[in-house]
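Residue numbers for the sequence shown follow our numbering, beginning at 8 and rising by one. Ideal Cβ positions, reconstructed from N, Cα and C, are used throughout, including at glycine. Working notes, structure below.
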Amino acid sequence: MVPMMPIRYYSTNRSVPEVTFDAALLEGQASDRGLYLPDRFPSITPEELVSWTNLSYSEIAFNVLSPFTAGVFSEKHLKQLCEDAYDFDVPIEHVNGNHHIMRLDRGPTASFKDFAARMMARWMGSLLDGQPGELVILTATSGDTGSAVAHAYEGVDRIHVVVLFPIEEVSTRQRKQMTTIGSNVTTIGINGKFDDCQAMVKCAFSDPDLTAIRLTSANSINIGRLLPQSVYYCYAYVKLARAAEREPIVFSIPSGNFGNMMGAVIARKMGLPIRRIIIATNANDEVPEFLQTGDYRKVAPSRLCISNAMNVGHPSNLARLVDVYGGWLDEAGTLQRAPDLDRMREDIYAVSISDDQTRKTIKDVHDRFGILLEPHGAVGWAGMEQYFRDHQGAREHLTVCIETAHPAKFPDEVRSIVGLDPAPPPSIANLDERHEAYDQMSCDYAALRDWLLSRFV
Ligand SMILES: *Cc1c(COP(=O)(O)O)cnc(C)c1O
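And the structure:
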């Protein structure tokens, strides 16, 4: 057999050469400000899916990820990293009929961001092992990325993590999860919105004045964040579907920056039988609008909703989605070439859910099924319900809603809606006793540049 060429990664702006996996991972955003995508999607055959039925999460992660990292990590090494990263539960709960919830909240910071952050930290740590110099990971967070990344990289040699968060827009628990770590993690509260934090980070990546600092991203700008997010879709399919009958599956994904959705798009491209991807946003409805009209308009400023990790008015990963469907969305958010919208609509159903609907859904799902959702998962469940109302017969189909965070991360909201206090998992208990430390900065890129120069040069 002729060995396959390792997968290479191209930029969605296509004005830089393709690179290897390690280069894409360490660079984060391509220097033409595009986002990296693999030059092909390795295939998972139906027979392979059947044969994975009894595998553990980490074994499935290894099977899905190994073609993407071939040529960079040996199989033995990747297997170890997967076992080490995925040592927690991935519960799939049956709710009613053919409908399920997959809880991605059992990692150390209680949101789905742990899945990707833990893998990416291990990949980067391994690559830096034996290289000189220090890597600075600059990351914007709408609430959960910051803690997942900070936790995943805590104590990793020669990596320093800098997290920018919108000071008024994260919950107290979310803030304390990242500001109490210390060591190689610095957190900066920005007097602005998540989109401002994301824009400041993107400016830093393309700033020629900062070339002396080796900067990279741990946001879903980084391809290393997306690939691990395709694994749990395969896992859910393998555990639930009658794989031998090739029963297709529907996923409902609460979305903000659309990295989680891209994980499902990648899994589908690899051959996972996904019937439909439901993307459910809060009132930041730029993507549902785009799918409907074909016109892309950012929501600026982004709208404040109780599902705060999804308060994104200009999502990074839309550029990747447009690319996969044959279009080109540049870094300024201008649609340079339209994607195949008809095909996109066949594969993806997008819906915006209000805060009122979100609260009602939390209450309703708790009353009817005794199942507790937090605001993000409730947006996903409400999106699924809307999809059923719009599509006759769809209610019978195998469907999985993604619960992206633990209800105890949003205690005030949950208490006011269902009148009970969700017990915090060990990872977020005792937060109040830990020492908090963070810097503050105005929403001004020059201030960030000066700070980075003074700190790392
Ligand atoms: C980040 C986050 C989301 C949104 O995920 P994207 O990949 O940005 O679309 C949803 N829910 C929670 C709890 C999150 O932390």
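#### Entry: Cβ-Cβ distance between ARG21 and ASP46 below 9 Å
no
### Query
What are the partner residues of GLY3, as DSSP defines its beta bridges?
The question about residue 3 has no answer, for the chain in this structure spans 8 to 464.
### Task
Go ahead and pull the three-state DSSP assignment for ILE108.
strand
### Query
Looking at ASN291 and GLU176, is the spacing between their C-beta atoms short of 9 Å?
no
#### Entry: Check: MET317 C-beta below 8 Å from any heavy atom of ligand 1
yes
### Query
So is ARG232 buried or exposed if we call it buried at 16+ other beta carbons inside 10 Å?
buried
### Endpoints, alpha helix (DSSP H) assigned at TYR239
238–247
### Query
Anyone know if the C-beta pair for ASN105 and HIS404 falls short of 9 Å?
yes
### Task
Tell me, please, whether the CB atom of CYS408 is closer than 9 Å to any CB atom in chain C?
Looking at the structure shown, chain C is missing, and only one protein chain is on hand.
### Query
From ASP428 to LEU379, what does the alpha carbon distance come to, in whole angstroms?
11 Å
### Message
Going by beta-carbon coordinates alone, are VAL26 and TYR43 separated by less than 9 Å?
### Response
yes
### Query
CA-CA distance, LYS120 and ASP349?
31 Å
### Message
Using the three-state DSSP reduction, which class does ARG282 fall into: helix, strand or coil?
### Response
strand
#### Entry: For ARG110, the nearest candidate out of ASP371, TYR356, ARG366, TYR239 (CA to CA)
TYR239
### Query
Thinking just about the alpha-carbon of each residue, which of ARG327, TRP130, GLU161, GLN181 is nearest to the one in PHE75?
TRP130
### Nearest neighbour of ASN437, chosen from GLN184, ASP112, PRO13 [CA to CA]
GLN184
### Task
Express the C-alpha separation of GLY78 and LEU88 in angstroms, rounding to a whole number.
16 Å
### Query
How should GLU34 be labelled, buried or exposed, when 16 other C-beta atoms within 10 angstroms of its C-beta is the threshold for buried?
buried
### Query
ligand 1 heavy atoms versus the CB of SER314: any closer than 8 Å?
yes
### Task
State the Cα-Cα distance for the pair LEU85 and PRO431, rounded to the nearest angstrom.
32 Å
### Message
For the structure I just gave you, are there three or more beta carbon pairs, one from the stretch 151–159 and one from the stretch 442–456, closer than 8 Å?
### Response
no
### Query
Between the C-alpha atoms of ILE14 and LYS276, what's the straight-line distance to the nearest angstrom?
15 Å
### Query
For the 8 Å Cβ check, are there 3 or more pairs between the stretch 255–269 and the stretch 185–193?
no
### Message
When you compare the CB positions of LEU342 and MET269, do they come within less than 9 Å of one another, or not?
### Response
no
### alpha helix (DSSP H) runs contained entirely in the stretch 36–101, provided each spans 4 or more residues
53–58, 64–76, 82–92
### Message
ligand 1 and ASP151: does the residue's C-beta get closer than 8 Å to at least one heavy atom of that ligand?
### Response
yes
### Query
Going by DSSP, which residues form a beta bridge with SER213?
SER213 is not bridged to any residue.
#### Entry: Start-to-end residues for the alpha helix (DSSP H) that takes in TYR452
452–463
### Query
How many Å lie between VAL132 and LEU32 at the Cα?
According to the sequence provided, residue 132 is Gly. The question's Val does not apply to it. Distance between the alpha carbons of GLY132 and LEU32: 11 Å.
### Query
Looking at THR179 and ligand 1, is the gap between the Cβ and the nearest heavy atom below 8 Å?
no
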